[in-house]
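In the UniProt record's numbering, the protein residues as written are 1 to 313.
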């Protein structure tokens, strides 16, 4: 099989092409001929050794669309996904007409968005939901799912006019700049003078610090990333108790480690919503396998939109 291998830690440029023996399936495993692999920021972090440090050498990647030996087209989590063949457990069959990029967008990003709203924030009908970084991989799906799950009003934040226009096309009721200065005031203005019930935040830093001031009583602030910086962020306990605000975190990996991974039912829900045209995953650039370093560089530099994938053919 062909694969992209990291012999050392570093940036995307440490990836080199290699020919390796095909992996042999063990008990409960399925060998897939890979059609496409999805790229995530976590792949670049793992290359640097900052996230689940790997044992060298290793093949990055965590999600694939491929063919099972019986010909079925499958979607699955996978270690060593930047390769033409991978071993997986519990793959899910997907339709022939579902683009690989759309399917892959539903796995890490889609499941994260689903659980942020259902499991972490426990969204209630009619609530106002704010999605920070709403044009991103998780954010663009959270905007659509919040509407699907009964939100009364959905507000997305994004950094540029083009991204804010995209957020509106995705179904948000309002799209506003996302910087910390004036954050709560902009949310009030976009929400008819009222505060929000739920804020989903992948930015962290000063934006996370400003978010509680934009929440109504019994509001929920859920963090799932720190793209704006990882320095410790103070949260005023006074405003939390005064308004009965809950602050929580969410990481999909914790769900996937449970005996029943909590992935199957939400994934089938996401696939059904996509098949019916009620959710539209954004599909971005496609790169050949041997350009994995170029693809990861573009992804981490935020030069991409939608789900970025590697094609094996």
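Glycine included, C-beta positions come from ideal geometry on N, C-alpha and C.
Look at the Cβ atom of residue i, then the Cβ atom of residue j, and state whether they are nearer than 8 Å.
i           : j           : result
residue 127 : residue 173 : no
residue 12  : residue 44  : yes
residue 310 : residue 37  : yes
residue 61  : residue 281 : no
residue 32  : residue 85  : yes
residue 200 : residue 116 : yes
residue 52  : residue 6   : no
residue 113 : residue 87  : no
residue 271 : residue 106 : yes
residue 217 : residue 186 : no
residue 59  : residue 41  : no
residue 184 : residue 206 : no
residue 158 : residue 178 : yes
residue 9   : residue 49  : yes
residue 108 : residue 252 : yes
residue 221 : residue 245 : yes
What three-state label does DSSP hand residue i in the structure shown?
i           : result
residue 207 : helix
residue 185 : helix
residue 41  : helix
residue 107 : helix
residue 282 : coil
residue 85  : strand
residue 162 : helix
residue 73  : strand
residue 52  : coil
residue 394 : A query on residue 394 cannot be resolved here, the shown segment of the chain reaching from 1 to 313 and no further.
residue 315 : This structure cannot speak to residue 315, because the chain is shown only from 1 to 313.
residue 30  : strand
residue 57  : coil
residue 12  : helix
residue 99  : coil
residue 190 : helix
residue 91  : coil
Round the Cβ separation of residue i and residue j to the nearest angstrom and send it over; I've been treating them as touching at under 8 Å.
i           : j           : result
residue 167 : residue 156 : 4 Å
residue 164 : residue 175 : 4 Å
residue 122 : residue 93  : Contact doesn't hold; Cβ gap of about 30 Å is too wide.
residue 102 : residue 91  : About 17 Å separates the two Cβ atoms, so there is no contact after all.
residue 120 : residue 250 : 4 Å
Note down, in chain order, each residue of its chain lying with its Cβ closer than 7 Å to the Cβ of residue i, except the 5 sequence neighbours on either side.
i           : result
residue 235 : 209, 212 and 247
residue 104 : 36, 38, 63, 65, 307 and 309
residue 100 : 35, 36, 65 and 309
residue 273 : 148 and 279
residue 190 : 155, 174 and 176
residue 152 : 126, 127 and 128
residue 240 : 212 and 247
What are the boundary residues of the beta strand (DSSP E) that includes residue i?
i           : result
residue 335 : As shown, the chain starts at 1 and ends at 313. That puts residue 335 outside it, with no answer to give.
residue 2   : 2-6
residue 201 : 196-201
residue 15  : 15-19
residue 249 : 246-249
residue 153 : 153-157
residue 63  : 63-67
residue 128 : 128-131
residue 175 : 174-176
residue 309 : 307-311
To which residues of the same chain is residue i closer than 6 Å at the C-beta, ignoring the five residues directly before and after it?
i           : result
residue 284 : 304, 305, 306, 307 and 308
residue 292 : 4, 15, 82 and 310
residue 150 : 125
Here's a check: name, in chain order, each residue in its chain whose Cβ is nearer than 8 Å to the Cβ of residue i, leaving out the five neighbours to either side.
i           : result
residue 202 : 132, 133, 136, 138, 139, 223, 224, 225, 226 and 227
residue 287 : 294, 295, 308, 309, 310 and 311
residue 269 : 114
residue 331 : Outside the displayed span of the chain (1 to 313) sits residue 331, for which this structure offers no information.
residue 29  : 87, 88 and 89
I need the boundaries of the alpha helix (DSSP H) containing residue i, first residue and last residue.
i           : result
residue 293 : 292-300
residue 273 : 264-275
residue 123 : From DSSP, residue 123 is part of no alpha helix (DSSP H); its letter is neither H nor E.
residue 143 : 139-148
residue 24  : Premise fails: residue 24 is in no alpha helix (DSSP H) and is neither H nor E.
residue 116 : That residue, residue 116, is in no alpha helix (DSSP H); it is neither H nor E in DSSP.
residue 170 : Unbroken run through residue 170: none, as it is neither H nor E.
residue 253 : 252-256
Within 8 Å (strictly less), CB to CB, does residue i reach chain D?
i           : result
residue 167 : The structure shown contains no chain D; it holds only a single protein chain.
Answer yes or no: the CB of residue i versus the heavy atoms of the ligand COA, is any distance below 7 Å?
i           : result
residue 306 : Within the structure as shown, the ligand COA is missing, as the structure has no ligands at all.
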